[in-house]
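Chemist: Throughout the sequence shown, residue numbering follows this note's numbering, covering 701 to 1114 in sequence.
All residues carry an ideal CB built from backbone N, CA and C; glycine is no exception.
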Amino acid sequence: RRSPHRSLPSSSYSSSSSSSSSLASLPAYAMASASFRSQSKSSLAASSANDPSVLGALVPPVLPERDDTRIAMDVGYLNARDAAALDAELMSSPGFSLEQLMELAGLAVAEAVYDVVVVDDDGGDDDGVCGNRKKKRALLVCGPGNNGGDGLVAARHLCHFGIDATVVYPVRSSKAHFVNLVRQCEDLGIPILDRVPGTTNTNTTTTAIEADEGGDDDEDDDNEEDDDSHYDVIVDAVFGFSFRPGSEPREPFASAISGMMDMRRRLDGSTILVSVDVPSGWDVDGDDGKTMTTTAANLVPDVLVSLTAPKPFVKSFRGRHFIGGRFLPPALAEKYGIRTMEVKMDRGDDSHRETLDPGVDSDDWAAQYQEYLDENVVQAGIDADIKDEEVDDWTVQYAKYCEERESEFFGTNR
Ligand SMILES: NC(=O)C1=CN([C@@H]2O[C@H](COP(=O)(O)OP(=O)(O)OC[C@H]3O[C@@H](n4cnc5c(N)ncnc54)[C@H](O)[C@@H]3O)[C@@H](O)[C@H]2O)[C@H](O)CC1
Ligand SMILES: [K+]
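#1: Under a three-way DSSP split, which group does S955 fall into?
#2: With a 10 Å radius around its C-beta and 16 neighbouring C-beta atoms as the bar for buried, classify L815 as buried or exposed.
#3: Report the rounded CA-to-CA distance for S955 versus R895, giving the unit in angstroms.
#4: Using DSSP with H/G/I as helix, E/B as strand and the rest coil, what is G1024?
#5: Nearest by alpha-carbon distance to A937: which of S970, V1003, G969 and S975 is it?
#6: If you measure between the beta carbons of V864 and R837, is that distance less than 8 Å?
#7: Less than 8 Å between the beta carbons of I934 and L839, yes or no?
#8: From D787 to H930, what does the alpha carbon distance come to, in whole angstroms?
#9: Does the beta-carbon distance from M963 to G898 come in below 8 Å?
#10: Consider the Cβ of K834: report whether some Cβ of chain D lies at a distance smaller than 8 Å.
#11: Within this structure, are the beta carbons of G1025 and T1008 separated by less than 8 Å?
#12: For ligand 2, any of its heavy atoms closer than 7 Å to the Cβ of G940?
#13: Using the C-alpha atoms, what's the distance from I1038 back to V867?
#14: For I957, which residues from the same chain have a beta carbon less than 7 Å from its beta carbon, with the 5 sequence-adjacent residues on both sides left out?
#15: Which residue marks the beginning of the beta strand (DSSP E) containing L804, and which one marks its end?
#16: Considering only their Cβ atoms, is the gap separating L798 from H857 smaller than 8 Å?
#17: Identify whether D864 lies in helix, strand or coil by the three-state DSSP scheme.
#18: Can you grab the Cα-Cα spacing for the pair S873 / G843, in whole Å?
#19: Could you spell out where the alpha helix (DSSP H) holding V882 opens and where it closes?
#20: Taking 8 Å as the cut-off, decide whether the C-beta atoms of G940 and D985 are in contact.
#21: Straight-line CA distance for M791 to F1013?
#22: Please state whether DSSP places V938 in a helix, a strand or coil.
#23: Does DSSP classify S975 as helix, strand or coil?
#24: Where DSSP assigns a beta bridge to I892, which residues make up the other side?
#25: Report the three-state DSSP secondary structure of R781 (helix, strand or coil).
#26: Starting from the C-beta of G806, find all residues in its chain whose C-beta is less than 6 Å away, skip the five residues before and the five after it, and write them out in chain order.
#27: With H, G and I counted as helix, E and B as strand and the rest as coil, what does DSSP make of D944?
#28: Quick one: Cα of Y1036 to Cα of D782, how far?
#29: Check A855 in the structure and name its three-state DSSP category.
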């Protein structure tokens, strides 16, 4: 078993496994049949440990073994001004809506998180999202802008991926889209807290802002999570490319940032910190790795998910790096000096699941059972040798067995 954020890639990353199972659709029980196919995913490599003391210093590169899923870093960098301009252009020219962009961004974040905390932790062999493995837990700390929105979207997808997500959202936006994103999380049973568990609430502005913005006052003290809760991953979605590094982050976000760092210390390396687009409080355009604000000086993520393209600070980032967000038409990519990447579809089951047509391609045992039913149950009605009670007995048992199998596949996500 490999440590997900300190590992080099396996040379045989492409080993894949697939499995399929099915439940026969039987006339008496109308069982849904399902087949789950999954493939192992490759890992991207950590090029060196994330020791803050070496940040910005010259670190000899650790050359990874060949891994075709890594892309060269000559994809181009987007400074903060261009990132904002490109964002605006994506909405005006190809006509993307913010909702669309954010959905793709948040999905990319959720998939990267899933890769790191589930797939790689399972030794690269994912045997089904809804299998029997222990649920991983994710804490998503969301800020006031669109970076926070990416976090809210990611929380929803992670929940659908079978991960226990908890959101920290200290200042809720009153914009309709954000209200909906929160609602969608709540509908999935995702707790929405107003502070990072284990921190005291230094936030004196939240209530006022929420009241101003018509927020839900009942939620103000909503921090029911146990302060000692363990999270396998913390997602930092507090600030993105619009953070102004000239001043320190204001409350309650300063506390959210230090809360993430404290929790990481408390969990003593057993949690992975993933930053969305920019480690919150870092200088987006600072490429020497030393220009983050004091508050964020020790916020050094293990994993970064750049959206659209890496920002200049990435040159000094030493962790695992993913690029997400597939929105760029070639003309815009060229204009902003970005090389778009071809996304490898080696997982194939993120947004959809294949089901087996009942009886068409069913597993052996199901086909055999169906055959058995055809021969025996049909006969049961006319064959006096098989007593009704006996039929009831084994049908009940079989229905129970099917339910158990089904819940294995679907987990608690039904
Ligand atoms: N095309 C893409 O790549 C997309 C990226 N997305 C994500 O959006 C963010 C950028 O979002 P934006 O709303 O412009 O800003 P931020 O979330 O970075 O936060 C701005 C927020 O922070 C406040 N603020 C700024 N400086 C400070 C400070 N010193 N102290 C306290 N608060 C501060 C400011 O007032 C705003 O409220 C990008 O990084 C991506 O993550 C989109 O989701 C989709 C398209
Ligand atoms: K962030």
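Modeler: The short version:
#1: Here S955 sits in helix by DSSP.
#2: Looking at the sequence itself, residue 815 is Asp, so the reference to Leu does not match. It counts as buried.
#3: So the alpha carbons of these two residues sit roughly 8 Å apart.
#4: Of the three classes helix, strand and coil, the one that applies to G1024 here is strand, per DSSP.
#5: Of the listed residues, the one whose Cα sits closest to A937 is S975.
#6: What sits at residue 864 in the sequence shown is Asp, not Val. Between D864 and R837, the gap from beta carbon to beta carbon is short of 8 Å.
#7: Against a cut-off of 8 Å, the Cβ pair of L839 and I934 comes out as a contact.
#8: Rounded to the nearest whole angstrom, the C-alpha separation of D787 and H930 is 36 Å.
#9: Contact flag set, yes.
#10: Considering every chain present, this structure includes no chain D. It has just one protein chain.
#11: Cβ atoms of G1025 and T1008: closer than 8 Å.
#12: Annotation for G940 indicates a beta carbon within 7 Å of some heavy atom of ligand 2.
#13: The alpha-carbon atoms of V867 and I1038 are separated by roughly 32 Å.
#14: Here the set comprises V938, P949, S980, G981, T995, A996 and L999.
#15: Where L804 is concerned, there is no enclosing beta strand (DSSP E), although the alpha helix (DSSP H) it sits in stretches over L798 to Y814.
#16: For the 8 Å CB-CB criterion, H857 and L798 do not form a contact.
#17: Strand.
#18: One C-alpha to the other measures close to 9 Å.
#19: Looking at the DSSP string, the run of the alpha helix (DSSP H) that includes V882 is A876 to D887.
#20: In this structure, D985 does not lie closer than 8 Å to G940 by Cβ.
#21: Distance between the alpha carbons of M791 and F1013 is about 25 Å.
#22: Looking at V938 - three-state DSSP - the assignment turns out to be coil, as it is neither helix nor strand.
#23: Strand at S975.
#24: In the DSSP output, where bridge partners are listed per residue, I892 has V867.
#25: Helix.
#26: The beta carbon of G806 lies closer than 6 Å to those of D850, V853 and A854 in the same chain, with the five residues before and after it left out.
#27: Residue 944 is actually Arg in this sequence, not Asp. Note: R944 maps to coil in three-state DSSP.
#28: Using only the alpha carbons, I get a separation of about 7 Å.
#29: Correct three-state label for A855: helix.
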